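Quick note: the sequence shown uses the numbering used here, first residue 8, plus one each step. Cβ atoms here follow ideal geometry from the backbone N, Cα and C, with glycine treated the same way. Computed from a prediction, not measured in an experiment: that's the story for all the values here. These notes concern the structure reproduced below.
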Amino acid sequence: MNATPESTGNHSPIAAAIGNTVEWFDFAVYGYFAESIGAAFFPQDSASLQFLSAFGVFATGYLMRPIGGLVLGPIGDMFGRRILLLMSVAIMGSCSLLIALLPTTDQIGPTAAVLLVLLRMIQGLSVGAEYSSSIAWSVETSPQKTRGFLASVTAAGATVGFISGSLVATVIDHFIPITAMNAGGWRIPFVIGSLLALLALMLRRSIQDSRPEGASSSITGQWHQVMTDWPAMLRLMGTVGVATAVFYAVGVYYVDEASRLDPANASLYNGINTVVQLFGLGMALLAGRCADRFSPLPLVRRSLLISMVLMVPGLLILAKGGPVSFAMGQAMVLLPIFFYSGVTPLLHPLFFPGGSRCASFSFSYSLVVAVVGGTAPIVSTWLRDLKGWPNELILYLLILAAPAFWAWSSGPRHLRFQGQD
8 MNATPESTGN
18 HSPIAAAIGN
28 TVEWFDFAVY
38 GYFAESIGAA
48 FFPQDSASLQ
58 FLSAFGVFAT
68 GYLMRPIGGL
78 VLGPIGDMFG
88 RRILLLMSVA
98 IMGSCSLLIA
108 LLPTTDQIGP
118 TAAVLLVLLR
128 MIQGLSVGAE
138 YSSSIAWSVE
148 TSPQKTRGFL
158 ASVTAAGATV
168 GFISGSLVAT
178 VIDHFIPITA
188 MNAGGWRIPF
198 VIGSLLALLA
208 LMLRRSIQDS
218 RPEGASSSIT
228 GQWHQVMTDW
238 PAMLRLMGTV
248 GVATAVFYAV
258 GVYYVDEASR
268 LDPANASLYN
278 GINTVVQLFG
288 LGMALLAGRC
298 ADRFSPLPLV
308 RRSLLISMVL
318 MVPGLLILAK
328 GGPVSFAMGQ
338 AMVLLPIFFY
348 SGVTPLLHPL
358 FFPGGSRCAS
368 FSFSYSLVVA
378 VVGGTAPIVS
388 TWLRDLKGWP
398 NELILYLLIL
408 AAPAFWAWSS
418 GPRHLRFQGQ
428 D
């Protein structure tokens, strides 16, 4: 094995997963309360602040994540995964608390908007290293017989965070009127996010470390190792791109689109989406268990093939419109891709040597999510306006699946320490 677990400490999949929960909880609540936050920091009568708002959303959501992989990832390779896992949640939690306490533009002027964007950018840095480092740690420290399941538990923390953010937003919306929300009620979920980060820190303090072999002693040396990992990074990006595009197109964009076309049933579409994701969470955990019992490479290839086959009728059903078609189509598309995404956490770290695993994994994963996920709403909107919708979207997703099939077909020659404890 290219990374050796320390003898002290314990292995806790909850400790690994909760960082991803914090990450996606913050992502969800920021989106749900964007209108109230925008009114507090980006007033409509200020064109410059409106521009800053657009830039901040872009920078924090996508640009800063791959940068975070390059900046923070090497720390996990040089000094062990534990220190990086502690740093990432500490940064996320501190930024959440500062956002909750941040004065508005009415109180301190445009400086408030600048500070908000800076805090979101710093959070983006930590997010860029959180998912991949927690997955790498889980795979490196788990017993071989449960490695796939525990890796899927770690990855599932993201879905739990997204659903939790949705539920918290629903409860707050129900009990707090819009006037109180704009007056400061939007701060409540960020306080909750900071408390979740504190819980994550407490859980992670006693985890066993995983120290890699072959790491460089300098940041520049680590970056050089990352550059030499480019073939493996291309393979990983190929396997991640299609799942990311499917999730953003069907689990995010299609929900907004259905609500826009049928506003009377907007809450119903959001509820269906939440239920489907809950079932998807179960599918991902089942996939992790299957990866421990069966050979993971054939399993991931077959699950990808099934996902693409079911995606075609699923998208055609989705395009018919209406809550029933929405539920059927979304389930047909998302549940298989959740199963596929439940197998990949076991295999993704194995593309890279231990000495550069955190940095290379973090950068390549964050980059493909930024490029494919960040453009998914724009691409989906553009394809929607074409006469052949949803055929063009189907073709687009099938094209993205081709690199994934290539990557998994060439996988056996490149996966590291597979089958070893």
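query: Among residues of its own chain, excluding the 5 on either side of A366, which ones have a beta-carbon nearer than 6 Å to its beta-carbon?; result: G80, P81, D84, Q229, V233
query: Whose CA, out of P330, F32, R211, L123, lies closest to the CA of P270?; result: P330
query: If we ignore side chains and look at the alpha-carbon of each, how far apart do K152 and V307 end up?; result: 18 Å
query: Going by beta-carbon coordinates alone, are R72 and S373 separated by less than 7 Å?; result: yes
query: According to DSSP, is Q427 helix, strand or coil?; result: Confidence in Q427 is poor, its pLDDT being 37 and thus under 50, which makes the residue's placement unreliable; the coordinate value appears in the next sentence. Coil, per DSSP.
query: Residues in its own chain within less than 7 Å of A250 by CB, not counting five upstream and five downstream?; result: I344, Y347, S348
query: Are G100 and S201 close, meaning C-beta to C-beta below 7 Å?; result: yes
query: Looking at the secondary structure, which residues open and close the beta strand (DSSP E) in which S217 lies?; result: 217-219
query: Which of the three DSSP states is assigned to I129 in this structure?; result: helix
query: With a cut-off of 8 Å on the beta carbons, I'd call G75 and A136 a contact; round off their distance for me.; result: 5 Å
query: Quick check on DSSP: helix, strand or coil for I74?; result: helix
query: Please go through the same chain and pick out, in chain order, the residues whose beta-carbon is closer than 8 Å to the beta-carbon of H436, but skip the five residues on each side of it.; result: Residue coverage of the chain in this structure runs from 8 to 428, which leaves residue 436 outside it and unanswerable.
query: Grouping DSSP H, G and I as helix and E and B as strand, with all else coil, what is I98?; result: helix
query: Using a Cβ distance threshold of 8 Å, determine whether the segment 152-165 contacts the segment 20-35, with at least three qualifying pairs required.; result: yes
query: Give the DSSP-derived three-state secondary structure of I214 in the structure shown.; result: strand
query: Can you look up A326 in the DSSP assignment and give me helix, strand or coil?; result: coil
query: Measuring alpha carbon to alpha carbon, tell me which residue in M209, S369, S171 is nearest L285.; result: S171
query: Within the same chain, show all residues whose beta-carbon is closer than 6 Å to that of D113, passing over the 5 residues directly before and after it, in chain order.; result: none
query: Please report the distance separating the alpha-carbon of P50 from that of Y138.; result: 34 Å
query: What residue range is occupied by the uninterrupted alpha helix (DSSP H) comprising G361?; result: Premise fails: G361 is in no alpha helix (DSSP H) and is neither H nor E.
query: Between G192, L70, G45, R154, which has its C-alpha nearest A120's C-alpha?; result: G45
query: Pull up the CB-CB distance for N189 and S43, whole angstroms please, since I reckon it's below 8 Å.; result: 5 Å
query: For the alpha helix (DSSP H) that contains S43, what are its first and last residues?; result: 41-48
query: So the candidates are A41, M240, T118, T281; which of them puts its Cα closest to the Cα of V375?; result: M240
query: Taking its Cβ as the centre, do 16 or more other Cβ atoms sit within 10 Å of H181, making it buried, or is it exposed?; result: exposed
query: On a Cα-Cα basis, can you pick out the residue from P20, W144, C102 that is closest to R364?; result: W144
query: Does the distance from the CB of L407 to the CB of L400 come in under 7 Å?; result: no
query: Check whether the Cβ atoms of P110 and G221 lie closer than 7 Å to each other.; result: no
query: Taking the straight line between their C-alpha atoms, what separation do you get for L123 and Y403?; result: 36 Å
query: Between which two residues does the alpha helix (DSSP H) containing R242 stretch?; result: 237-253
query: Is it right to say M209 is buried, meaning 16 or more other beta carbons lie within 10 angstroms of its own, or is it exposed?; result: exposed
query: Tell me which same chain residues have a C-beta within less than 7 Å of the C-beta of F32, skipping the five on either side of it?; result: G168, S171, G172, G200, L203
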